[in-house]
Every structure is written in structure tokens, then in C-alpha cells.
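Student: Take 0 as the starting number for the first sequence in numbering that gives the first Met the number 0 and just add one per residue.
Below is a structure I'd like to ask you about.
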Amino acid sequence: MPPVFALVDCNNFYASCERLFNPRLIGQPIIVLSNNDGCVIARSNEAKAAGIAMGQPFHECAGLIHRHQIAVFSANFGLYGDLSHRVMQTLERFTSAMEVYSIDEAFLTLPVQPGEDPAPLAHRIRQTIRRETGLPVSVGIGPTRVLAKLANEIAKHTPALNGVSNLIPLSNRNDCLARTPVEEVWGIGSRLTRRLAAIGIHTAADLRDADPSRIQTVLTVQGTRIVHELRGRACIHLEDLAAPRKTLTCSRSFGRPVTGLDELREAVVAYVSRAAEKLRAQHSLAEALQIYIRTNPFRPTDPQYSATATLRLPVPSDHTPTLAAVAGRAVATIYRSGYVYHKASVLLFGLCAREHRPLDLFASASATDVIRQTRLMTALDSLNATFGRHTVQVASAGLEKPWKMRQNHRSPSFTTRWTELPVVSAGCERPKKKMEMPCTSVWPRVSHS
DNA sequence: TCTGGGGTCCTAGGACCC
DNA sequence: TCTGGGGTCCTAGGACCC
Numbered sequence: 000m001p002p003v004f005a006l007v008d009c010n011n012f013y014a015s016c017e018r019l020f021n022p023r024l025i026g027q028p029i030i031v032l033s034n035n036d037g038c039v040i041a042r043s044n045e046a047k048a049a050g051i052a053m054g055q056p057f058h059e060c061a062g063l064i065h066r067h068q069i070a071v072f073s074a075n076f077g078l079y080g081d082l083s084h085r086v087m088q089t090l091e092r093f094t095s096a097m098e099v100y101s102i103d104e105a106f107l108t109l110p111v112q113p114g115e116d117p118a119p120l121a122h123r124i125r126q127t128i129r130r131e132t133g134l135p136v137s138v139g140i141g142p143t144r145v146l147a148k149l150a151n152e153i154a155k156h157t158p159a160l161n162g163v164s165n166l167i168p169l170s171n172r173n174d175c176l177a178r179t180p181v182e183e184v185w186g187i188g189s190r191l192t193r194r195l196a197a198i199g200i201h202t203a204a205d206l207r208d209a210d211p212s213r214i215q216t217v218l219t220v221q222g223t224r225i226v227h228e229l230r231g232r233a234c235i236h237l238e239d240l241a242a243p244r245k246t247l248t249c250s251r252s253f254g255r256p257v258t259g260l261d262e263l264r265e266a267v268v269a270y271v272s273r274a275a276e277k278l279r280a281q282h283s284l285a286e287a288l289q290i291y292i293r294t295n296p297f298r299p300t301d302p303q304y305s306a307t308a309t310l311r312l313p314v315p316s317d318h319t320p321t322l323a324a325v326a327g328r329a330v331a332t333i334y335r336s337g338y339v340y341h342k343a344s345v346l347l348f349g350l351c352a353r354e355h356r357p358l359d360l361f362a363s364a365s366a367t368d369v370i371r372q373t374r375l376m377t378a379l380d381s382l383n384a385t386f387g388r389h390t391v392q393v394a395s396a397g398l399e400k401p402w403k404m405r406q407n408h409r410s411p412s413f414t415t416r417w418t419e420l421p422v423v424s425a426g427c428e429r430p431k432k433k434m435e436m437p438c439t440s441v442w443p444r445v446s447h448s
């Protein structure tokens with residue numbers, strides 16, 4: 000029997016998360032801003048209706064924000080990540096085969112019998128998530144992931160469907176594909192849309208009916224997979240999403256311009272420290288790192304400069320001071336004075352599992368050194384997990400951090416920081432010290448009463 | 001004044017090997 | 001006249017996703 004896929008996607012996820020802890024915002028327009036409060040990355044339906052565009056620069060929205068009394072939030076990824084975890088935990092109960100695809104969506108293989116209508120189960124999933132996490136989701140059902148994804152879009156935009164759409168029946172599917180512009184198909188972006196238009200393909204149905212070998216010359220092999228998926232033959236297989244990442248990035252724009260090498264180096268060291276933290280969290284080592292710096296392309300009258308430096312480590316490592324020293328040297332080689340820097344990023348690559356740590360033929364660090372370094376990093380991560388990020392850090396990452404990003408509208412970390420809990424009952428004081436909750440904490444198990 | 005961050009996959013082309 | 005062929009690995013860049 001062919002599989003029945005469901006794509007469960009949280010509606011306007013970041014905006015819904017903010018609303019969850021602030022019920023006064025129900026029915027009100029909300030936007031969430033990118034890091035540095037740069038541009039809009041999430042909108043409630045009311046904000047969409049008010050005319051706020053996805054990706055719109057924040058400073059261009061001032062008029063609409065004022066006119067429609069739109070609530071503005073800086074992104075609070077700690078909060079969103081924690082709520083995402085709860086949604087995924089709840090979803091796991093409905094299937095043995097689930098792929099978490101992003102922070103707000105997951106593919107499930109639905110356990111239904113041949114001939115059974117999967118829609119009632121989809122409605123149950125939707126109601127359960129709503130009841131247990133407070134978040135609204137939509138469910139799209141299809142015989143392939145591409146069709147399930149499309150079904151989800153339809154569910155979101157068709158209120159009469161009550162949040163569930165099923166593209167398994169052919170009658171539903173043919174009609175829907177003929178009405179769907181090809182750029183709404185998962186995997187077809189703006190460039191590919193233009194290439195397809197040039198050969199007369201405008202709708203999802205056109206693409207489904209196209210000759211796969213012709214599509215291969217225009218869209219490469221990925222395009223032919225999409226054609227088969229639209230025809231109902233599943234051939235896109237997601238990787239094991241629990242698998243460790245192959246690269247890790249930490250990339251940020253600065254909260255204010257940076258001109259001097261010392262400040263730039265400080266920022267790069269701070270970013271590499273964060274990347275190293277992620278590296279240790281997934282039990283990997285990095286073999287090489289790449290540093291990138293650039294000026295502000297949105298100020299074309301300023302002199303423009305960007306540069307990349309790639310360095311290989313003598314042996315793969317996850318030791319922050321080692322990585323920071325290499326990164327510090329790398330940034331000095333590409334820094335040029337006389338420019339106003341706007342952004343830096345650090346990419347760690349050539350990752351391997353920690354247990355496959357290769358031996359160093361020339362033994363620049365002895366086995367004892369490696370053990371000591373590992374213990375030190377474990378202690379550092381544990382202190383920062385308990386008492387908050389940056390409690391202990393390498394000195395070269397700077398204490399003042401004048402370049403750090405703006406977050407002028409951030410909501411409290413309602414679920415991940417004891418001091419920012421939304422409800423404090425009488426006689427129960429919040430801890431005075433800054434303390435992080437263990438990252439496994441699960442809010443709904445805490446009683447509101 | 002003010003324009004995000006973090007990933008993946010695929011392909012082409014160069015370097016290098018025998 | 002006439003200058004191989006086949007393979008791998010690496011990297012940069014393009015395209016997509018949320």
C-alpha cells in the first residue's frame with residue numbers, strides 16, 4: 000500500500016508563539032523581526048491583511064505599524080525552539096515515522112488502513128496540538144511529500160476546510176494542480192519559475208505533465224523528482240534529520256558599525272565560540288573554518304569590501320580557545336582599514352564525529368591535553384547552560400560587545416528562564432539570579448493554577 | 001539612522017592521479 | 001599534420017528551503 004504523508008505546519012508560528020503568552024493579542028496584528036530588528040520574518044494573519052510584506056525592512060513599516068496598531072517583537076528563538084519541541088513531542092504520539100523538517104513543520108506517515116479516510120485522524124492531530132500546546136496548525140495530506148506540502152498550503156488558505164486538506168483523491172488533485180501557480184510547488188523558487196515560464200510551464204499541472212527528460216535539462220535532477228512527486232510517485236527522501244549537521248554557521252550583522260580590527264576580531268571570536276558550542280552539542284569536531292567579513296551593501300555610497308579566509312586546523316577540534324585563536328589570526332589576514340564593517344560570519348566544516356577523532360602524527364597536543372581540553376569545555380558548557388549564555392567565555396570575545404545585535408522588542412523567555420516565567424503565584428518568588436531552565440523542561444506539565 | 005540567519009543539495013570546472 | 005583517457009577529490013557558486 001502506498002504511504003499516506005501528512006505535513007503538519009504551525010500557522011504563522013513565531014507570531015502564534017508570542018500570542019500564546021499574551022492573550023490580549025488574540026485577533027490583533029503582530030509581526031516578528033529578524034535578528035538585529037532588521038526585517039519582518041513572521042506576520043499574524045491580521046498583519047498580512049494590513050499589508051506588511053514578508054521580508055520587508057522594519058524601518059519601512061513604521062506607517063502601517065502606527066496606523067494598524069501592530070504589535071512588534073524581536074525574534075526570541077529560545078522561546079520558539081522550546082515551543083517547537085513540545086509540538087514535535089505531541090506529534091510523535093500519532094505515528095512511528097516522523098521527520099521534523101523545520102522549526103514549525105514535520106512530515107508524518109499516517110497509520111491508516113487501505114481505503115480508510117485519513118482526514119478524521121488529521122483533525123484529531125490538529126485538535127490535540129491546539130489543546131496541549133495552544134498553537135494552531137494546518138495539516139496537508141498526500142501520497143507524496145510534495146503533494147502533502149501543497150495540500151497544507153490549501154488548508155491554510157481555505158477557511159472552509161477547517162485546517163485539513165487531502166490531495167489523495169484524484170478528483171481533488173487534478174483540479175488543485177491546474178489552479179496552482181508553479182512557483183507554489185515545493186522546490187520551485189523564483190529563478191526556476193522564470194526558466195519554466197520560458198518553456199511554457201506555468202501551473203503545477205503543466206509541470207506534472209511535462210516530459211521529465213526535458214525538465215532535467217532545465218531544472219537538473221531535482222526537477223525530475225518534483226515531476227514524479229506531482230504524479231503521485233514518492234521519490235524525495237528526507238535525510239535522517241537527527242543526523243549531525245555537515246556544516247555549522249554563526250553569522251550576524253552588527254548592531255552598530257565596526258571599523259577597528261580589535262572590535263572585528265572580538266565579534267568573530269564571539270561567533271566562533273557560539274559555533275563551537277553547537278559543534279560540541281552535536282558531538283562533532285571541525286577540521287576547518289571559514290571567516291567572512293563584509294561592509295554594508297545597502298549603503299552603496301560607502302566603499303565596499305568583502306573577504307573570506309579559510310583555514311584548516313592541524314587536527315580536528317571542538318576546543319573554543321583553539322578555534323578562537325585560528326579565527327583571530329584569519330580575520331587579521333583579511334581585515335583592511337578604512338572600511339565600515341557591517342557583518343561577519345564563521346563557518347565550521349569538514350565535521351566528523353567526536354569518537355572518530357583522528358590521531359595527530361606530529362602530536363602537537365598530547366592525549367592528556369585533549370582530555371583536559373574536553374573536560375574544560377564540558378565544564379564551560381554546563382556553567383553556561385545553568386547560569387545563562389556568556390557566564391563563562393574566552394576573554395578575547397569581549398565583555399562590552401558594543402557590536403552586538405539590536406533586540407529592542409524582545410519578549411521574555413517565558414519557558415526557558417526561571418526569572419522570566421509569566422505566572423508567579425502568591426508566596427512564590429522568582430529566583431533573583433539569572434538561571435536557565437534545563438533545556439528539556441516542558442511547560443504544559445506545569446500547572447497554571 | 002534602519003535591509004536576517006542557518007542550512008542542504010547539485011553542478012561545473014580545476015587539480016591531480018595513474 | 002597528429003599531444004590520451006578515465007577517474008577522484010575539492011571548491012566555488014547557484015538554487016532552494018524555512
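Here a beta-carbon is modelled for each residue, glycine too, at the ideal position from N, C-alpha and C.
Please read these numbers as outputs of a predicted model, since none were measured by experiment.
1. Contact between the segment 152–160 and the segment 35–55: three or more CB pairs below 8 Å?
2. Quick check on DSSP: helix, strand or coil for D368?
3. Looking at the secondary structure, which residues open and close the alpha helix (DSSP H) in which Q281 lies?
4. Note down the Cα distance separating S95 from L284, rounded to an integer number of angstroms.
5. Cα separation between S351 and A280?
6. Judging by CA-CA distance, which residue of V136, Y100, P142 is the nearest neighbour of G114?
7. Got a sec? Which residues, its chain only, sit under 8 Å from A425 by beta carbon, not counting five neighbours each side?
8. Looking at the structure shown, is H341 part of a helix, part of a strand, or coil, going by DSSP?
9. Secondary structure at S290, three-state DSSP: helix, strand or coil?
10. If you run the structure through DSSP and keep just helix, strand and coil, what is D8?
11. Would you kindly work out how many angstroms separate the C-alpha atoms of Y304 and I292, rounded to a whole number?
12. List the whole-angstrom C-beta distance separating I198 from V217, where the pair is believed to meet the contact cut-off of C-beta under 8 Å.
13. Tell me which residues share the same chain as T246 and place their Cβ nearer than 8 Å to its Cβ, disregarding the 5 neighbours each side in the sequence.
14. Pull up the distance between the alpha-carbon of A266 and that of D103, whole angstroms please.
15. Measure the C-alpha to C-alpha separation of L375 and H58 and round it to an integer number of angstroms.
16. Any idea what DSSP makes of L350, helix, strand or coil?
17. Decide if F76 is buried, meaning its Cβ has at least 16 other Cβ atoms within 10 Å, or exposed.
18. Run through the segment 38–93 for me and flag every whole alpha helix (DSSP H) of 4 or more residues, listed as ranges in chain order.
19. Less than 9 Å between the beta carbons of L169 and V184, yes or no?
Tutor: Walking through what the data contain:
1. no
2. helix
3. No alpha helix (DSSP H) contains Q281, which DSSP labels as neither H nor E.
4. 31 Å
5. The displayed chain sequence assigns Cys, not Ser, to residue 351. C-alpha separation (whole angstroms): 13 Å.
6. P142
7. Its pLDDT being 48, under 50, A425 is placed unreliably by the model, and nothing is read from it.
8. strand
9. Before going on, a small fix: residue 290 reads as Ile here, not Ser. Note: I290 maps to strand in three-state DSSP.
10. strand
11. 8 Å
12. 6 Å
13. L346, L347, F348, L350
14. 30 Å
15. 44 Å
16. coil
17. exposed
18. 44–49, 61–67, 76–91
19. no
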